[in-house]
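Protein sequences appear in the order of chains B and H.
Here the first sequence is numbered in our numbering, starting from 1 and rising by one per residue.
Here the second sequence is numbered in our numbering, starting from 1 and rising by one per residue.
Glycine is no exception: its CB is placed at the ideal position from the N, C-alpha and C atoms.
What follows is one structure encoded as structure tokens, with my remarks underneath.
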Amino acid sequence: MKKMIWFTVSAILFAVFILPGILALGIRYIPYDIQPPLEGVKDVYGQFTISQEFMSQEARLAGIGMTIKNPNLKNKKEFFLNLYDDKGQMLREITYSGANVEDGSYLKFLFDPITDSKGKKYTITLSNPSGDEEEVLGVFYTLNKPFWIGKMSFNSEEQEGGISLVTFHKPLTKLGVIKTIYTSWLSRLL
Amino acid sequence: MKKLLVLAIFLRLLVAAFYFHPDIKTFNFQASFLKKGVIDIYSYLINNKQNLPFKEEFVYFPLSYFALGGYQIAASPILGSGFNAWLNNASSNAFVTDPSIFKYLIVLKLPYLLLDIGMAFLIREFFKDKKKGNLAFTLWLFNPFTIFLIYAYSNFDIFPVALTLLSFLLLRKEKLLPAAITLGIAAGFKLYPLLIIPFLFLYGKTLKEKLILSVTPLVIFLVICAPFFSTAFVHSALISGLSTGIFKSQFVTLGVSILFFYGLILDKKINIFNYWIVLFLIIFSYALFHIQWLLWLAPFLIIMVVKKPNLGLLTFVLAVFAFLIPILYQDRFMTFGLLRAYSIYFDLLPTPFVVVQKIYDPANLLAIFHSIFAGGSMVLTYKLLRKEQK
Numbered sequence: 001m002k003k004m005i006w007f008t009v010s011a012i013l014f015a016v017f018i019l020p021g022i023l024a025l026g027i028r029y030i031p032y033d034i035q036p037p038l039e040g041v042k043d044v045y046g047q048f049t050i051s052q053e054f055m056s057q058e059a060r061l062a063g064i065g066m067t068i069k070n071p072n073l074k075n076k077k078e079f080f081l082n083l084y085d086d087k088g089q090m091l092r093e094i095t096y097s098g099a100n101v102e103d104g105s106y107l108k109f110l111f112d113p114i115t116d117s118k119g120k121k122y123t124i125t126l127s128n129p130s131g132d133e134e135e136v137l138g139v140f141y142t143l144n145k146p147f148w149i150g151k152m153s154f155n156s157e158e159q160e161g162g163i164s165l166v167t168f169h170k171p172l173t174k175l176g177v178i179k180t181i182y183t184s185w186l187s188r189l190l
Numbered sequence: 001m002k003k004l005l006v007l008a009i010f011l012r013l014l015v016a017a018f019y020f021h022p023d024i025k026t027f028n029f030q031a032s033f034l035k036k037g038v039i040d041i042y043s044y045l046i047n048n049k050q051n052l053p054f055k056e057e058f059v060y061f062p063l064s065y066f067a068l069g070g071y072q073i074a075a076s077p078i079l080g081s082g083f084n085a086w087l088n089n090a091s092s093n094a095f096v097t098d099p100s101i102f103k104y105l106i107v108l109k110l111p112y113l114l115l116d117i118g119m120a121f122l123i124r125e126f127f128k129d130k131k132k133g134n135l136a137f138t139l140w141l142f143n144p145f146t147i148f149l150i151y152a153y154s155n156f157d158i159f160p161v162a163l164t165l166l167s168f169l170l171l172r173k174e175k176l177l178p179a180a181i182t183l184g185i186a187a188g189f190k191l192y193p194l195l196i197i198p199f200l201f202l203y204g205k206t207l208k209e210k211l212i213l214s215v216t217p218l219v220i221f222l223v224i225c226a227p228f229f230s231t232a233f234v235h236s237a238l239i240s241g242l243s244t245g246i247f248k249s250q251f252v253t254l255g256v257s258i259l260f261f262y263g264l265i266l267d268k269k270i271n272i273f274n275y276w277i278v279l280f281l282i283i284f285s286y287a288l289f290h291i292q293w294l295l296w297l298a299p300f301l302i303i304m305v306v307k308k309p310n311l312g313l314l315t316f317v318l319a320v321f322a323f324l325i326p327i328l329y330q331d332r333f334m335t336f337g338l339l340r341a342y343s344i345y346f347d348l349l350p351t352p353f354v355v356v357q358k359i360y361d362p363a364n365l366l367a368i369f370h371s372i373f374a375g376g377s378m379v380l381t382y383k384l385l386r387k388e389q390k
């Protein structure tokens with residue numbers, strides 16, 4: 001029975017204090033900020049594209065996360081997210097298939113990190129060129145955007161609000177992620 | 001023994017504070033309407049769906065609502081003024097980063113702790129031999145399975161589980177009517193204790209005993225539910241997926257039927273305790289079960305293992321597979337999602353389902369685990385029922 005007690009004590013202490021640190025090693029990208037509230041949808045298809053300006057708040061920009069509707073899972077075609085710098089030069093293009101997008105799912109468009117992204121302005125454009133009216137992709141936007149999310153344009157016209165997006169950044173070191181997690185936990189605990 | 005108890009409580013508080021399953025917020029949000037004077041929660045949630053931050057219906061039975069809601073009223077001075085705002089916060093990220101979350105989790109799980117420790121003492125009562133009783137007591141307090149089942153998964157099934165255990169203890173002491181009443185009260189929280197009723201009918205020695213044991217729990221259950229009987233109640237609780245899900249698998253119906261006819265025709269002296277275990281082994285072997293359901297069986301397995309130590313290894317292996325099955329479901333809150341109170345970064349980890357998917361079909365692996373569990377359960381069933389024939 002002593003063995004069982006030791007096993008249980010060790011298992012619980014491990015699960016509470018050590019496991020979060022070990023699992024943190026598996027985190028490859030860290031989000032900056034939480035996703036703003038989802039308050040409306042813009043339907044993207046054919047020539048109707050959506051663009052969003054934003055200022056990267058961290059270095060090593062490595063992805064964009066946003067929530068997308070694929071009503072009745074009708075869209076099975078390829079769609080694109082393009083990333084441009086402030087001079088309009090395309091830096092990255094990410095292709096996704098509608099066949100892999102569940103209605104209302106949170107998608108992460110991941111790409112090779114941009115090392116010096118901190119404080120720089122970027123624009124993303126989401127397009128669904130082969131989709132017709134029956135194959136729209138709904139991009140969720142927010143009316144309560146944080147300061148770093150800039151102008152949103154739909155079909156080249158400026159709109160109120162901004163895409164409800166999250167930027168992802170490659171952590172400098174794995175140890176940094178572990179430290180961030182334990183610091184956040186302990187700061188709320190103490 | 002006191003030192004062990006203190007250590008056991010300490011371990012439970014650690015898991016209670018830091019592991020978060022969203023169910024605890026959902027059912028406490030629903031139960032919070034009791035302090036606003038809402039009695040019929042089923043109709044209230046459906047009628048006010050448009051104006052509520054969470055649209056889920058209340059799928060449990062009335063005593064769950066009153067127990068959780070009543071406790072919230074009692075604990076409101078400790079929970080503090082920010083608690084209601086936390087319950088109503090629909091932003092999945094903001095409520096886990098709330099600095100008070102650890103306090104809320106500990107306070108909301110305190111009734112579980114009381115019942116959990118109370119169950120350790122109840123389990124001890126199942127043994128005449130004091131040494132074995134203490135062994136079962138310690139085994140209940142110090143096994144990681146039940147600690148995680150109760151505190152990590154925020155398992156309020158501990159209410160009916162504790163009552164069911166008490167009912168079996170009363171049955172053992174041949175206090176049939178109190179046992180039947182307790183079982184009926186347990187069903188007032190969740191429906192599953194009523195599954196034993198056909199077997200209780202077989203267990204009764206005379207017609208009077210059979211009627212006391214099988215009719216009383218049903219009557220108590222109906223008395224508890226009667227004031228709430230409405231379309232909302234029927235749809236939300238009585239025929240919800242949670243109540244009827246067990247019988248979605250025809251193999252469950254087949255297995256339970258075989259057990260019943262075996263008890264009716266072949267078994268001359270039914271050991272109701274073993275029938276309870278076998279009944280749920282059948283269910284977990286063939287139904288797509290929720291991890292929380294495993295608690296229904298846990299205290300009974302502890303008692304069984306102490307009484308029959310030769311079944312210990314098999315029971316341990318079955319417990320491991322019983323845990324592995326729901327961990328493979330495509331549900332973040334079976335695994336890494338439980339760590340969201342530490343950091344929302346854990347949302348970025350793929351679920352075991354997604355990881356397995358890269359190398360093998362997770363549905364197939366799930367079927368393999370289910371089959372292994374079913375195979376082991378068959379052997380355990382054979383051992384339990386065969387012994388009774390001697």
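Limits of the beta strand (DSSP E) - the one that residue i falls within
i        : result
B/ALA62  : 61-69
B/THR95  : 90-97
H/PRO178 : Careful: H/PRO178 lies outside any beta strand (DSSP E), inside the alpha helix (DSSP H) at 176-187.
B/LYS108 : 105-114
B/GLY40  : 40-44
B/GLN52  : 50-55
Residue i versus residue j: straight-line alpha-carbon distance, rounded
i        : j        : result
H/PHE83  : B/PHE109 : 36 Å
B/ILE178 : H/LYS308 : 45 Å
B/TRP6   : B/SER97  : 50 Å
H/SER230 : H/SER64  : 17 Å
B/ALA11  : H/ALA74  : 33 Å
H/ALA120 : H/GLY375 : 30 Å
B/LYS170 : B/PRO71  : 32 Å
H/TYR42  : H/GLU57  : 7 Å
H/PHE346 : B/ILE181 : 9 Å
H/LEU115 : H/ALA162 : 7 Å
B/PHE17  : B/THR183 : 13 Å
B/GLU157 : B/VAL44  : 14 Å
H/PHE95  : B/MET55  : 26 Å
H/PHE422 : B/VAL136 : Any property of residue 422 of chain H remains undetermined from this structure, which presents chain H solely from 1 to 390.
Cβ neighbours of residue i in the same chain (closer than 7 Å, five flanking residues each side left out)
i        : result
H/GLN389 : No answer about H/GLN389 holds up, because its pLDDT of 48 lies below 50 and its placement is not dependable.
H/LEU213 : LEU176, ALA180, LEU200, PHE201, TYR203 and GLY204
H/LEU171 : ALA179 and ILE272
H/TYR104 : LEU79, PHE83 and TRP86
B/ASP33  : PRO146 and VAL166
H/GLY263 : PHE199, LEU202, ILE270 and TYR275
H/LEU324 : PHE369
H/LEU13  : ILE106
Close Cβ partners of residue i (< 6 Å) along its chain, the five nearest in sequence each way excluded
i       : result
B/LYS3  : none
B/ALA59 : SER117 and LYS118
B/GLY40 : TYR141
Residue i and residue j closer than 7 Å at C-beta
i        : j        : result
B/GLY162 : B/GLN35  : no
H/ILE224 : H/PRO62  : yes
B/TYR106 : B/GLY63  : no
H/LEU349 : B/GLY26  : yes
B/ILE94  : B/PHE111 : yes
B/LYS69  : B/PHE154 : no
H/PHE159 : H/ALA67  : yes
H/LEU108 : H/GLY69  : no
Run of the alpha helix (DSSP H) containing residue i, from where it starts to where it stops
i        : result
B/TYR84  : Where B/TYR84 is concerned, there is no enclosing alpha helix (DSSP H), although the beta strand (DSSP E) it sits in stretches over 78-85.
H/TYR286 : 272-286
H/THR138 : 130-141
B/MET4   : 2-13
B/GLY21  : 19-24
H/ILE123 : 101-124
H/THR146 : 144-147
B/ILE178 : 174-189
H/VAL161 : 158-172
Cutoff 8 Å; reference residue i; Cβ partners in own chain excluding five residues on either side
i        : result
B/LEU91  : LEU83, TYR84, ASP85, ILE114 and TYR122
H/LEU279 : LEU195, ILE196, PHE199, VAL256 and LEU259
**Asked** Fully enclosed by the stretch 42-87 of chain H, which beta strand (DSSP E) runs are 3 residues long or longer?
**Response** Uninterrupted beta strand (DSSP E) stretches at least 3 residues long and entirely within the stretch 42-87 of chain H do not occur.
**Item:** Runs of beta strand (DSSP E) wholly within the stretch 228-274 of chain H (minimum 3 residues, chain order)
**Value:** The qualifying runs do not exist here; there are none.
**Message:** As an exercise, report each continuous alpha helix (DSSP H) stretch of at least 4 residues that is fully enclosed by the stretch 283-350 of chain H, in chain order.
**Reply:** Qualifying alpha helix (DSSP H) stretches, in chain order: 298-307 and 312-327.
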